[in-house]
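Following this line, the structure appears as structure tokens:
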């Protein structure tokens, strides 16, 4: 039974027609009764749970005295002897059993949507910093591969397996991560995974397993706190730091390798993450609203002895094996059967392929063609950082356009309005690739290929941001599976890119290899234009596509939007 069915079920045991014969506990004056046996049992009637009501207790009751909430239309107020914020209750039946389901009130302070702006900004900052550090640790490894392989006496191709293992772990782990978030919430996953990431920085497969939280869970956490119309800026910040971290590490990692050795590249990365882990332990708060309601239900069961109190997530709980199966199979199925998921998955996978390919290509250009040493050859990555920063700034025009269209449609979300930035900005990727491919000659100044890196990064940002945003708006509560499927394709291509990058550019030639990438990028650039025109038709044919009306109805009833991410 789905959550929407649960929320709209009426308890069969609660006969409203019977209550119409009398007003509350008073017999109906128009009802003639000469026998006590026909009168209702007043004691039983008094203890009967209403279909809708409220519950509160302890210090929270004092703040409610004389307030409008005492006369709330949500139903009668029940007082309990524990600290309990005012909580809406709904009596439902499921599988023949009766439950009292808890929901947030409109102004509940524990509902993440109602948190103060400063608290949301702090959580956003912590998660963006974590994403940045994980990205830096990922690609810093590439700067020390040559020295590491020489030191250990292995081939460079074998050394590239480290990045392959990291990215493949990032690709596969999200397929099985969602159920654990449902069971224990996000905070414990963040802390446990990030601590594991720091501890095992010497093993990139395990590092990818733990580090994938930086690209998978963050979007879902934002959806826990921000309404769809206010989610654009946090998501843009997330996309910015995710790409900045991925392309920024070689700027300094090459100098670390030259001065104190390749081992300290990973050592410094591990140590630098410790202060952030401490900050997350101290300041991060659980963002899944269902977890707070679960704790309230548990406290009510202990205080009242009434086992009917449940959070909605308790009623939807499944066997862990079934949840893991659904999480992984659904993601792959959506990738294979949903045109929107596959098209944008292919596009972002190509962008990620180019990103990790250039970790090997840039040293070829500036070390082999221009004779730079390892440390100086990492400086052109600054151009990538500049490009992604420019794109981040330009994206605010996309955000402004999106809000304008949303306001003109009565705050109804139009997913295709997320694509203006993609249609304009993503063209920079093939443009940059064309410039880079034709400036690979040794007699051409290094300035030309260095400048070409900036538009490449700009295009990657717009692809990354539009893929997450558009998929989220299209699939709503099913977006966790959709994005996990896209992540599988994205990280799989990112994993294989370093394995043959050197051979590809050396055997085909830097100019022609770059030209092939540019042509492929040009073809994929048509994706947002096609989706802008035909996306609404594809969504109409899909059984999994989002219905904004249904989302708003759930928000009105439970205080929570369906989570569009893991």
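Numbering (full-length UniProt numbering), first residue to last: 1 to 566.
Here a beta-carbon is modelled for each residue, glycine too, at the ideal position from N, C-alpha and C.
Delimiting residues of the beta strand (DSSP E) encompassing residue i
i	result
residue 459	That residue, residue 459, is in no beta strand (DSSP E); its alpha helix (DSSP H) goes 447 to 475.
residue 88	84 to 94
residue 309	309 to 311
Test item: CB-CB of residue i and residue j under 7 Å
i	j	result
residue 198	residue 273	yes
residue 575	residue 224	With the chain covering 1 to 566 only, the question about residue 575 has no answer from this structure.
residue 161	residue 385	no
residue 365	residue 449	yes
residue 517	residue 433	yes
residue 114	residue 289	no
residue 446	residue 325	no
residue 502	residue 330	no
residue 145	residue 135	no
residue 541	residue 352	no
residue 472	residue 479	yes
residue 500	residue 361	no
residue 167	residue 495	yes
residue 348	residue 232	no
residue 571	residue 421	The displayed coordinates of the chain run from 1 to 566. Any statement about residue 571 would go beyond what the structure contains.
residue 350	residue 524	yes
residue 139	residue 359	yes
residue 521	residue 419	no
Counted within 10 angstroms of its Cβ, other Cβ atoms place residue i as buried (16 or more) or exposed
i	result
residue 95	exposed
residue 282	exposed
residue 530	exposed
residue 459	buried
residue 236	buried
residue 150	exposed
residue 550	Any reading at residue 550 needs caution, since the residue's pLDDT is 45, under 50, leaving its predicted position unreliable; the model's value is listed next. Label assigned to residue 550: exposed.
residue 338	buried
residue 508	exposed
residue 185	buried
residue 443	exposed
residue 402	buried
residue 46	Because residue 46 carries a pLDDT of 48, less than 50, the predicted location of this residue cannot be relied on, and the following value inherits that uncertainty. It is exposed - the Cβ of residue 46 has fewer than 16 other Cβ atoms within 10 Å.
residue 306	exposed
residue 452	buried
residue 526	exposed
residue 575	Lying before the first or after the last residue shown, residue 575 is absent from the chain, which here runs from 1 to 566.
residue 260	exposed
residue 137	buried
residue 395	buried
residue 109	exposed
residue 227	exposed
residue 154	exposed
Counterpart residues of residue i in DSSP-defined beta bridges
i	result
residue 356	Answer is none; residue 356 lacks a bridge partner.
residue 198	According to DSSP, which records beta bridges pairwise, residue 198 is partnered with nothing at all.
residue 99	92
residue 80	57
residue 529	Looking at the DSSP assignment, residue 529 forms no beta bridge with any residue, so it has no partner.
residue 369	In the DSSP output, where bridge partners are listed per residue, residue 369 has none listed.
residue 104	87
residue 52	90
Limits of the unbroken alpha helix (DSSP H) element including residue i
i	result
residue 61	59 to 64
residue 233	232 to 248
residue 297	289 to 304
residue 436	428 to 437
residue 498	479 to 508
residue 150	145 to 152
residue 228	Segment: none, residue 228 is in no alpha helix (DSSP H) and carries neither H nor E.
residue 383	381 to 408
residue 280	263 to 283
residue 171	161 to 172
residue 421	420 to 425
Residues of its chain near residue i, where Cβ-Cβ distance is below 7 Å and the 5 sequence neighbours each way are ignored
i	result
residue 258	374, 375
residue 514	433, 436, 437, 440
residue 128	237, 238, 241
residue 59	83
residue 545	474, 475, 539
residue 79	56, 57, 61
residue 276	129, 130, 133
residue 195	277
residue 497	353, 356, 357
Cβ-based neighbour list, residue i, same chain, cut-off 8 Å, excluding 5 preceding and 5 following
i	result
residue 76	50, 53, 54
residue 293	87, 102, 103, 104, 311, 312, 313
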